[in-house]
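Remarks on the structure that follows.
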Amino acid sequence: MKIYFAAPQNTPYQRNYVQSCVQQLQAAGHEVALAADRYIDHQPAFEVALEAEGEKLYSDQSKAGRLAKSVFAAEVFQANYAQLAGADALVALLDGSQVDDRVACEIGVFYGLMRENPTKFGIIGLATDARCLRRRDSTYGVNIFTVGTLEEVGHVVETIEDVIEALKG
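Have a look at this one:
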């Protein structure tokens, strides 16, 4: 099965954990896609507006504002959308004090793709963070709209082994 693994990859430990999950999914016979972001290890830097007394002063525009208007943002969206559209299932890592904004967006996009193509398998949320697990009896501490989306077309599990089992149908 083709799987899109939606997960934050902003820190080395996140990337290591995600790679471990990907390897286990691949060992179970799945084809796994991760976010296609060539800047994952290093985002484009702020623009230097001026150098004064050996110190760099940066433009007053925010990095996020510039990136949102840039070719970079369009490139990342188009690459990731193509991967999401080509996937049969979405596995979404829900860890953190709240679901990563990119992951939440990918859940929403995949949900929309499922409405257009009901042959897609579904969405499996993976919650391994102690903050999530302490609240497993309610919403795993995940935004209620996001949990509603997950429950509409899938469910939440607590280990990568549970993900592999759930993908068996």
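Residues in the sequence shown are numbered from 1 upward in steps of one, following full-length UniProt numbering.
Just so it is clear, CB atoms sit at the ideal spot from N, CA and C, and this is done for glycine as well.
Remember, it's a predicted structure, so these values are computed and weren't measured experimentally.
Residues that residue i bridges to, as DSSP identifies them
i           : result
residue 31  : 2
residue 89  : 3, 122
residue 157 : 126
Buried or exposed by the 16-neighbour rule on C-beta atoms within 10 Å, applied to residue i
i           : result
residue 44  : Its pLDDT being 49, under 50, residue 44 is placed unreliably by the model, and nothing is read from it.
residue 80  : buried
residue 149 : buried
residue 74  : exposed
residue 168 : exposed
residue 11  : exposed
residue 18  : buried
Selected residue, minimal CA-CA separation from residue i, among the options
i           : options            : result
residue 123 : 153, 25, 34, 75    : 153
residue 77  : 90, 99, 88, 106    : 106
residue 159 : 14, 126, 114       : 126
residue 109 : 82, 13, 164        : 82
residue 4   : 73, 16, 113        : 113
residue 94  : 1, 14, 2           : 14
residue 162 : 145, 92, 98        : 92
residue 101 : 1, 2, 8            : 8
residue 88  : 96, 111, 97, 129   : 111
residue 129 : 157, 33, 86        : 157
residue 144 : 115, 118, 166, 104 : 104
residue 120 : 90, 26, 23         : 90
Sequence-distant residues of the same chain with beta carbon closer than 7 Å to residue i, five excluded per side
i          : result
residue 28 : 164
residue 86 : 2
6 Å Cβ shell around residue i - same chain, five flanking residues per side excluded
i           : result
residue 142 : 94, 99
residue 135 : 141
residue 30  : 1, 3
residue 35  : 80
residue 147 : 139
residue 21  : 160
residue 33  : 4, 83
Exercise for the section: Entirely within the stretch 93-155 and at least 3 residues each: give me those beta strand (DSSP E) ranges in chain order. Expected result: 122-126
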